[in-house]
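Residue numbers (the numbering used here): 27 to 145.
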């Protein structure tokens, strides 16, 4: 069976069936879900397509938005309020990361190895 498939692919290549494919000569896109276990990839994709983010990512997004607001803020009392809110959100973020052990030294080493391998 494998030989038949290989033979058909070889024949198609000789006939030029793959010459006009979009993206020819370009690298394949990098997978975006390398940290998701195989058995969770489908559910992760469904949730992602529905616009759902994990709590730590929602908080991270809020923190970045608040920092943008802080950069644009002129009134000192508003700046103080924003800084306080940012600090609270950062504490919540760190708490979630600690509970999930996503900021441990072993996780940092794992992330580094993943980045080296795939990026």
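For each residue, glycine too, the CB sits at the ideal point set by N, CA and C.
Legend entry - Beta-carbon proximity of residue 140 to residue 60, cut-off 7 Å: yes
Legend entry - Beta carbon proximity, residue 127 to chain C, threshold 7 Å: Any reference to chain C falls outside this structure, which holds one protein chain only.
Inset, instruction - Please go through the same chain and pick out, in chain order, the residues whose beta-carbon is closer than 8 Å to the beta-carbon of residue 79, but skip the five residues on each side of it. - result: For residue 79, same chain residues with a beta-carbon under 8 Å away, outside a window of 5 residues either side, are 87 in chain order.
Legend entry - residue 81 in three-state terms, based on DSSP: helix
Inset, instruction - Would you grab the beta carbon distance between residue 105 and residue 99 for me? Rounded to a whole angstrom, and I think it's under 8 Å. - result: Correct: roughly 5 Å between the Cβ atoms.
Inset, instruction - Taking residue 130 as part of the alpha helix (DSSP H), name the residues at either end of that continuous run. - result: Segment: none, residue 130 is in no alpha helix (DSSP H) and carries neither H nor E.
Legend entry - 6 Å CB neighbourhood of residue 144 in its chain, flanking five on each side removed: 60
Legend entry - CA nearest to the CA of residue 85, picked from 121, 34, 42: 121
Legend entry - C-beta atoms of residue 108 and residue 96 nearer than 7 Å: yes
Inset, instruction - Could you name each continuous alpha helix (DSSP H) segment of 4 residues or more that falls completely within the region 53-109, going from the start of the chain to the end? - result: 67-75, 81-98
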